[in-house]
Amino acid sequence: MERKKKKQKVSAKFEDAFGSGASVGDRTKKPRREPEPPEEVREGSAVFRPSAHVFFNPLQTLQRDLTVAALGAALAGRTGARVLDAMCGGGVRGVRYALEVAEVGKVMATDTSEAAVAAANATAAANGLGAAYAAVVGDANARMRRDSFDAVDLDPCGSAAPFVDAGVRAVRSGGLLCVASTEDVVGSGPRDRGGDGRSACFARYGGFAFSEKAGKALGKGAAGEVALRLLAGRVCRAARDAGRTATRLLCANVDFFRRCYFRVDAGAGAPGPHAVGDADGARVAWTVGD
537 MERKKKKQKV SAKFEDAFGS GASVGDRTKK PRREPEPPEE VREGSAVFRP SAHVFFNPLQ
597 TLQRDLTVAA LGAALAGRTG ARVLDAMCGG GVRGVRYALE VAEVGKVMAT DTSEAAVAAA
657 NATAAANGLG AAYAAVVGDA NARMRRDSFD AVDLDPCGSA APFVDAGVRA VRSGGLLCVA
717 STEDVVGSGP RDRGGDGRSA CFARYGGFAF SEKAGKALGK GAAGEVALRL LAGRVCRAAR
777 DAGRTATRLL CANVDFFRRC YFRVDAGAGA PGPHAVGDAD GARVAWTVGD
C-alpha cells in the first residue's frame, strides 16, 4: 500500500511537469505558450516594438535625448547630413535622429547581428523613413575606414576604445563624433589582477583609474569624472595621431554610462581647456568644453 502511494505521488509530479498524459518515462514537455507580442513603445518621435532577441535599454533614453540635441546644434546649417549609427541594435537611436533632426538627410547603420539589422530596418519602415534610413550587417570599423560622415555615433556594449581610431577618421571636418561607454574602469589600478602593471584600462585608454577601494571611498562622482577624462583623452589622442583635432563639447557621466561629444576638424591642434562641474548629488558629473 505504501509503495502504491509513493508511485502515485511520483506520477502526479510528472503530470505537473510534463502533462496529464505523461508517464514516469515520458520526457516530452508540455508545449510552451508563445509570449505575447510586446506592446508598442514611443520614445521621442519614434514608435517601435522591443524584441526579446535584440538589445534595447530603456534606461538610455536620456543619452538618446542628449544626442538628438547635440546633432541639432552641431549640424545646424547643413542639409542632407549623413549620420552613421555604428552599432545600431534595434535601430531606435538612428530612427530618432532621422525623424527629429531636420539637418539629417540619411542615417546609415551597421551591426554584426542579423536580427538587430532586421529589427532596425523594420522600425525605420514602420516610422515611414523609406530611403532616409538603411541598416546593413557589417563590422563598424570596416565601415568607418571606407566611408565618411557628418556625424558618427559610437555606442557599443562595453568599451568604445576599439572603435575610436576609425571613428575620428570617419568624421568629416567640422562634424560631430559621439562616443558612449558603459565600461567600469574603477578597479583597473596600476597593478591589476595580472600583477604586472599592464592593466586593460591602460591598454585601452592610456591611463589608470582608481583602485576599487579608492573608488568606493571617493564616491561615484569622482570615479565617473576619471572615467570621463580617460575616455575624452583617448579620443583626443586618436585625433592627434590622425592629424586631426577633437574638441570636447560635452561629456556626461550618468549612472552607469559615459557619453562624450566632440567636434572633429582637419589639422592637428591642442585640445582646448574645459570646465568641470558636478550635479545632482554626485550622481551626474559633467565636463563641458569651450
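For the sequence shown, the positions run 537 to 826 when our numbering is used.
Where a beta carbon is used, it is the ideal one built from N, C-alpha and C, also for glycine.
Just so you know, these numbers come straight off a predicted model, no measurement behind them.
Contact between Val637 and Tyr669 does not hold, since the beta-carbon distance rounds to 12 Å and is not under 8 Å.
By DSSP's assignment, Tyr797 forms a beta bridge with Cys714 and Leu786. Here the alpha carbon of Ala745 sits roughly 16 Å from the alpha carbon of Phe793.
When beta bridges are read from the DSSP output, Glu639 appears opposite no residue. Bridge partners of Met644 according to DSSP: Leu620 and Ala670. In this structure, the alpha-carbon of Pro692 lies about 24 Å from that of Asp801.
Nearest in C-alpha terms to Leu786, of all of Ala609, Phe592 and Phe591, is Ala609. Contact fails between the stretch 701-713 and the stretch 655-672, because fewer than three Cβ pairs, one in each stretch, are under 8 Å apart. In this chain, the alpha helix (DSSP H) harbouring Arg705 covers Ala697 to Ala706. Within the DSSP bridge table, the entry for Arg780 names Ala802 as partners. Contact check between the stretch 579-586 and the stretch 770-788: fewer than three CB pairs, one atom from each, fall below 8 Å, which does not count as touching.
Beyond the five residues adjoining it in sequence on each side, Ala778 comes within less than 7 Å, by CB distance, of Val704 and Arg705 in the same chain, given in chain order. In this structure, DSSP gives Glu761 a helical state, which the three-state scheme calls helix.
Burial check for Thr615: the Cβ neighbour count within 10 Å stays below 16, so the residue is exposed. With respect to the 9 Å criterion, Tyr633 and Leu712 are not classified as neighbours on the basis of their beta carbons.
Between Leu607 and Ala687, the gap from beta carbon to beta carbon is short of 9 Å.
Annotated three-state conformation of Ala582 is strand, per DSSP.
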